[in-house]
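A short worksheet on the structure shown next.
So this is what it looks like as structure tokens:
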């Protein structure tokens, strides 16, 4: 007898191939801009979410993490790794997948790749924060670290913040060449630079996105002038930082979730009571963001589960009535819920 599955047994699954199709259908820049709006809407209802630092399993070569949260109606989590040594082995530094479920039944409603989606949501979050903190009229960004995330950052800032020029630098000239070639048709003026200092000439926004713990100080005090916005996204685990304490102390620091950022972000270098501002407060108008032309603002980005929750819900909504997913027979759901063993009779 053929085994038949109930409708509840099937969970929409977005593969890498279908994620690529979905993003190309929407357009990467529009995708990130729309996702930024979803993230902002979720940050504005911050108090509804379960909030906990991600659960990390560290090893000598990297970290594997789980990032869960819920708003009381839906529950989402992401599995993600960070292995900087992978790049030298022909592997991705970061890979991920995620799941979204209903709180009232516990049944999953989406399973998706999140390697690509994490890159998109990381850049969307950067652009969103830039919209609140970058100097008005900013048109030039230094992009220091030209690895897998760099193009996404440049495109997000172009779409969300109106950046027209990006100045690229990486210790590996081939990485800079790759990034520049990928951005040629993006409508952004690209300048390849040979030093961090050169990349920051005329830049009102400085994005640092490096992967290697050995380069623990990318920005030092004499490199950063007044009035810039620093988008620090490479320091994201204990012992991995990019920004010198001199620069941090000159900046007003904005974070996602303090208990996590104080462990993983650049502010791990400073005392636990170092003053910071939570971004949800800025987005709701409860705390000031940029207040003067001379102010240095710094987003100490480590990534937080609410952003992934937003991304999961965005994708779940976007695949409705499309063919950008496959139905995966993921749940054992017999007609008699008390007769699970009976499914083996088929």
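Residue numbers (the numbering used here): 1 to 346. Where a beta carbon is used, it is the ideal one built from N, C-alpha and C, also for glycine.
Uninterrupted beta strand (DSSP E) stretches inside the segment 145-203 (no shorter than 3 residues): 165-169, 189-192
Where residue 349 sits in the DSSP three-state scheme: Look at the range of the chain in this structure, 1 to 346, and you will see that residue 349 is not part of it.
Would residue 335 be called buried (16 or more neighbouring beta carbons within 10 Å of its own) or exposed? If you number the chain shown from 1, residue 335 lands on position 335. Result: exposed.
Count the C-beta pairs between the segment 223-238 and the segment 122-135 that are closer than 8 Å, then say yes if the count reaches three, no if not. yes
Does the distance from the C-beta atom of residue 191 to that of residue 224 stay below 9 Å? Looking up residue 191 in the chain shown gives position 191. Looking up residue 224 in the chain shown gives position 224. No, these two residues do not count as a Cβ contact at 9 Å.
Buried or exposed: residue 152, going by 16 or more other Cβ atoms within 10 Å of its Cβ? Against the chain shown, residue 152 aligns to sequence position 152. Buried, by the Cβ-count rule.
Name the DSSP beta bridge partners of residue 240, please? The count along the chain shown starts at 1 and reaches residue 240 at position 240. Its beta-bridge partners are 237.
In chain order, what residues of the same chain have a beta carbon less than 6 Å from the beta carbon of residue 146, not counting five sequence neighbours either side? Walking along the chain shown from the start, residue 146 turns up at place 146. Same-chain partners within the cutoff: 168, 170, 175, 176, 179.
With distances taken between CB atoms, is the gap from residue 126 to residue 158 smaller than 9 Å? Translated into positions along the chain shown, residue 126 becomes position 126. Translated into positions along the chain shown, residue 158 becomes position 158. The answer is no: Cβ separation not under 9 Å.
Closest by CA to residue 97, which one among 61, 59, 111? Counted from its first residue, the chain shown places residue 97 at position 97. It is 111 whose Cα lies nearest to the Cα of residue 97.
Do you know offhand how far residue 339's Cα is from residue 124's? For the purposes of this step, residue 339 is identified with residue 339 of the chain shown, where counting begins at 1. For the purposes of this step, residue 124 is identified with residue 124 of the chain shown, where counting begins at 1. So the alpha carbons of these two residues sit roughly 46 Å apart.
What does the alpha-carbon distance come out to for the pair residue 248 and residue 273? Here residue 248 refers to the residue found at position 248 when the chain shown is read from its first residue. Here residue 273 refers to the residue found at position 273 when the chain shown is read from its first residue. Between residue 248 and residue 273, the C-alpha separation is close to 14 Å.
Those runs of the alpha helix (DSSP H) which lie wholly inside the segment 250-275 and span at least 4 residues: 258-264
Is DSSP giving residue 35 helix, strand or coil here? In the chain shown, residue 35 corresponds to position 35, counting from 1. DSSP places residue 35 in helix when its eight states are reduced to three.
Span separating the alpha-carbon of residue 35 from that of residue 341: One-based indexing of the chain shown puts residue 35 at position 35. One-based indexing of the chain shown puts residue 341 at position 341. The alpha-carbon atoms of residue 35 and residue 341 are separated by roughly 42 Å.
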